[in-house]
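**Student:** Below is a structure I'd like to ask you about.
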Amino acid sequence: MHRPLAVLALSLVASIAMAQQERDSLKIYISADMEGLAGAVTGEQLGPSGFEYQRFREFMTAEVNAAIDAAKAAGATEVLVSDSHGNGQSLLIEKLPSDVMVVRSWPRPLSMMDGIDETFDGAMFIGYHSSTSNTRGVRAHTMSSGNVTELRLNGIAMSEGGLNAAIAGMFGVPIILVSGDDVAVAETQVIVGEVEGAVVKWARGFHSARTLTPEAAQEVIRTRVASAISRIDDFEPYVLETPIEVELSLKHYQPVELLGYLPNVERISSHAIRFVGQDMEEVSRFLTFVLNFRVDLQP
């Protein structure tokens, strides 16, 4: 007979108590997206105009809280959360613990990983999805579902998980856990390495999945977070060799034409450009600029 996940989580926490006593602090960074939440399958859950969006803000906050609670139970002394879906204002911040700091809204120099630095011991991805290069996965995309058709760093096709792991890696911080659908978890593990995976749904198509309920998903996340922290020293930062070659393919022709006017950008096809960044911060700033700049931005 299998023990309930909650019992397994408690066992894992107990097993690392001695190790955590040896640490003066344990800082954890959480980057939270929405497409990988249990039950999220269409735009009806993912944006302010969707009839389920307000409910799924609750579910997103609950999955993040499950990760925070488990991390603290396993010894985390400080947690920073990045609200990284859509407008960057999806989490219900009044429902997060009072000792947690939150990064909100855009633009940010390090995008979905803003606020991370070398003082963190590990980072976790909650609610993540697979890449635009992947033929499977619920709501698969990279950075922009409407504009980006491929992103490669040093020739490697990137998901948001891979891109953000490389940003963390620049600071020597390993990714220790990713939650989302089965495709997103597997893709992250292929790119980044054998991070802990919390599968909360199984992709059936771009807009369909077999999914856990929110409560069951939260229990899975708690268990996997406890497991990840119990072996946090086993994880290695994902570090790309510098300088970093960026190849970005966009849906529309004209932005690529105009970006090709820049002296540090090479147009390599009708829909793709190449840029070389000295490190991941420069890469992140470039991608943030390309995907967000408009001449009529206000204020």
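With my numbering, letter number 73 in the sequence shown gets 73, and the count goes up by one each step, no holes. Idealized CB from N, CA, C, for every residue including glycine. Since the model is a prediction, treat every value here as computed from it, not as a measurement.
#1: Measuring straight from C-alpha to C-alpha, what distance separates Phe206 and Glu187?
#2: Beta strand (DSSP E) containing Tyr29: first to last residue?
#3: Could you check whether Ser131 and Met158 sit closer than 9 Å to each other, using their CB atoms as the reference points?
#4: Nearest to His129 by CA position, among Ser84, Asn154, Val173, Pro237, is which residue?
#5: Nearest to Val79 by alpha carbon, out of Arg23, Ile68, Gly86, Gly88?
#6: Mind pulling the alpha helix (DSSP H) runs of 4 or more residues that sit fully within the region 199-250?
#7: List the endpoints of the continuous beta strand (DSSP E) containing Leu287.
#8: Indicate the three-state DSSP secondary structure (helix, strand or coil) for Asp182 in the structure shown.
#9: Where does Met1 fall in DSSP's three states?
#10: Check the C-beta distance from Ser31 over to Ser82 and give it rounded, since I have them as a contact under 8 Å.
#11: Is it right to say Pro214 is buried, meaning 16 or more other beta carbons lie within 10 angstroms of its own, or is it exposed?
#12: Give the straight-line distance between the Cα atoms of Glu150 and Ala226, rounded to the nearest whole angstrom.
#13: Taking the alpha carbon of Phe286 as the reference point, which residue from His252, Asp296, Leu248 has its own alpha carbon closest?
#14: Quick one: using the 10 Å Cβ neighbour count with 16 as the cut-off for buried, is Ile93 buried or exposed?
#15: Would you decide whether Thr142 is buried or exposed? Buried here means 16 or more other CB atoms lie within 10 Å of its CB.
#16: Express the C-alpha separation of Lys95 and Phe59 in angstroms, rounding to a whole number.
#17: May I ask you to report which of helix, strand or coil DSSP gives Met112?
#18: Let's see if you can read the secondary structure: which residues bound the alpha helix (DSSP H) around Val64?
#19: Would you check if there are 3 or more beta carbon pairs closer than 8 Å linking the region 232-244 to the region 265-282?
#20: So is Asn292 buried or exposed if we call it buried at 16+ other beta carbons inside 10 Å?
#21: Distance, Cα to Cα, Ile176 vs Ala165?
#22: Could you check which residue in Arg136, Arg23, Glu282 has the C-alpha nearest to that of Phe306?
#23: Based on the DSSP output, what are the partners of Glu266 in its beta bridges?
#24: Any idea what DSSP makes of Thr188, helix, strand or coil?
#25: Looking only at its own chain, which residues have a Cβ that is under 8 Å from the Cβ of Ala268, when we skip the five neighbours before and after it?
#26: Using a Cβ-Cβ cut-off of 7 Å (strictly less than) and excluding sequence neighbours within five positions of Val192, which residues of its own chain qualify?
#27: Which value, in whole angstroms, describes the spacing of the CA atoms of Gln218 and Val295?
#28: So, at 7 Å on beta carbons, what are the nonlocal neighbours of His2 in its own chain, with the 5 sequence-adjacent residues on each side left out?
#29: With a threshold of 8 Å on Cβ separation, who are the neighbours of Leu46 within its own chain once the five nearest residues in sequence on each side are excluded?
#30: Would you report the Cα separation of Glu236 and Glu282, rounded to the nearest angstrom?
**Tutor:** In short, the structure shows the following:
#1: Those two C-alpha atoms are separated by around 15 Å.
#2: 27-32 is the span of the beta strand (DSSP E), which, as asked, contains Tyr29.
#3: Cβ distance < 9 Å, so Met158 and Ser131 count as in contact.
#4: Nearest C-alpha to His129: Ser84.
#5: Nearest option by C-alpha distance: Ile68.
#6: For the region 199-250, whole alpha helix (DSSP H) runs of length 4 or above, ordered along the chain, are 214-230.
#7: Taken as a continuous stretch (DSSP letters only), Leu287 belongs to no beta strand (DSSP E), being part of the alpha helix (DSSP H) at 280-292.
#8: Of the three classes helix, strand and coil, the one that applies to Asp182 here is helix, per DSSP.
#9: With a pLDDT of only 45 at Met1, under the threshold of 50, the placement of this residue in the model should not be trusted, and no figure is reported.
#10: Confirmed, about 5 Å.
#11: Buried, because 16 or more other Cβ atoms sit within 10 Å of the Cβ of Pro214.
#12: Near 34 Å, if we compare the C-alpha coordinates of Ala226 and Glu150.
#13: If we check each option's Cα against that of Phe286, Leu248 comes out closest.
#14: Classification for Ile93: exposed.
#15: A buried status is given to Thr142, since no fewer than 16 other beta-carbon atoms sit within 10 Å of its beta-carbon.
#16: Phe59 and Lys95 have their C-alpha atoms roughly 11 Å apart.
#17: It is helical.
#18: Segment 53-73, the alpha helix (DSSP H) holding Val64.
#19: Yes, the region 232-244 is in contact with the region 265-282.
#20: So Asn292 counts as exposed.
#21: Each residue's alpha carbon lies about 10 Å from the other.
#22: Shown here, the chain extends from 1 to 299; a query on residue 306 therefore has no answer.
#23: Arg274, per the DSSP bridge assignment.
#24: In the structure shown, the three-state DSSP call for Thr188 is helix.
#25: Note on identity: in this sequence residue 268 is Ile, with Ala being the wrong assignment. Hits under 8 Å: Glu247, Arg274.
#26: Cβ neighbours of Val192 beyond the five flanking positions: Gly161, Gly162, Ala165, Ile175, Tyr238.
#27: Straight through space, the alpha carbons of Val295 and Gln218 are spaced by roughly 42 Å.
#28: Only weak support is given to the placement of His2: the predicted model assigns it a pLDDT of 48, under 50, and the question is left unresolved by the model.
#29: Within the same chain, and ignoring the five residues on either side of Leu46 in sequence, the residues whose Cβ sits closer than 8 Å to its Cβ are Met34, Glu35, Ala40, Tyr53, Phe56, His85, Gly86, Arg139.
#30: The straight-line gap from Cα to Cα measures roughly 22 Å.
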